[in-house]
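Everything below concerns the one structure shown next.
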Amino acid sequence: MEFIKIREHPEMAERAAGWFHEKWGVPRKEYADSIQECIEQRSAVPQWYLMLEEGQILGGLGVIENDFHNRKDLAPNVCAVYVEEAYRCRGIAGEMLKQVCEDMERQGIDTLYLITDHTGFYERYGWRFLCMVQGEGEEEPIRMYIHDNRKPA
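Letter by letter, the sequence shown follows residues 1 to 153 of the UniProt record's numbering.
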């Protein structure tokens, strides 16, 4: 398996946008625009990543400013975490999360957030529950997690 940063593999941009759209139902253009910004701007956020095996996409995730919730101060957010069903329970999500945290830390971002309805999953990978936030268009609040790479003084 190979974890790739789309900013280093712009040839994967269109394929990745289609894959994320297929998994999450967010308009393909939204992914395509964010991925293009990642490639062109070379800024820390947004970023997009894929886990590949022999050219097949097994999983992916991104880092964006805000994952459609009311706490704009809790940024940036890991988003669109997905592993193909046939490849789950093999540590792929954990490896992707580890790689993203390390990549963001190299770019000067030591604290990341994510929203999820999973309980217990992200804790296995060093994330901790922070608070409940209100998702855009959602009736019920959703769980917000934090991952902090800052070293104690």
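Cβ coordinates follow ideal geometry from the N, Cα and C atoms, glycine included.
Sequence-distant residues of the same chain with beta carbon closer than 8 Å to residue i, five excluded per side
i, result
"Q99", "F3 and Y49"
"R7", "C38, I39, R42, Q47 and W48"
"T111", "I146, H147, D148, N149 and R150"
Nearest residue (CA-CA) to residue i, options the options
i, options, result
"E37", "W19, M1 and E14", "E14"
"M144", "G60, Q41 and L114", "L114"
"G62", "E140, Y87, W127 and A16", "A16"
"E22", "E140, R88 and E84", "E84"
"G91", "Y125, F68, A44 and I109", "Y125"
"I109", "R128, C131, A44 and I142", "A44"
Residues near residue i in its chain [Cβ-Cβ closer than 7 Å; skip 5 each side]
i, result
"N66", "K72, A75 and N77"
Own chain residues within Cβ distance below 6 Å of residue i, not counting five before or after
i, result
"A153", "With a pLDDT of 43 at A153, under the threshold of 50, the modelled position of that residue is not reliable, and the figure given next carries that caveat. So no residue of the chain qualifies."
According to DSSP, residues forming a beta bridge with residue i
i, result
"F3", "M51"
"I64", "N77"
"Q56", "E53"
"H71", "This sequence places Arg at residue 71; His is not what is there. According to DSSP, which records beta bridges pairwise, R71 is partnered with nothing at all."
"D148", "T111"
"T116", "R143"
For residue i, the first and last residue of its enclosing beta strand (DSSP E)
i, result
"R42", "Unbroken run through R42: none, as it is neither H nor E."
"D103", "Careful: D103 lies outside any beta strand (DSSP E), inside the alpha helix (DSSP H) at I92 to R106."
"F129", "R128 to V133"
Start-to-end residues for the alpha helix (DSSP H) that takes in residue i
i, result
"R15", "A13 to W24"
Exercise. Counting Cβ pairs closer than 8 Å, one from the segment 49 to 59 and one from the segment 119 to 129, do we hit at least three?
Worked result: Judged by Cβ distances under 8 Å, the segment 49 to 59 makes no contact with the segment 119 to 129, as fewer than three pairs qualify.
Exercise. Within the chosen definition, does the segment 85 to 97 reach the segment 27 to 44 through at least 3 CB pairs nearer than 8 Å?
Worked result: The segment 85 to 97, when compared against the segment 27 to 44, does not touch it at the 8 Å Cβ threshold.
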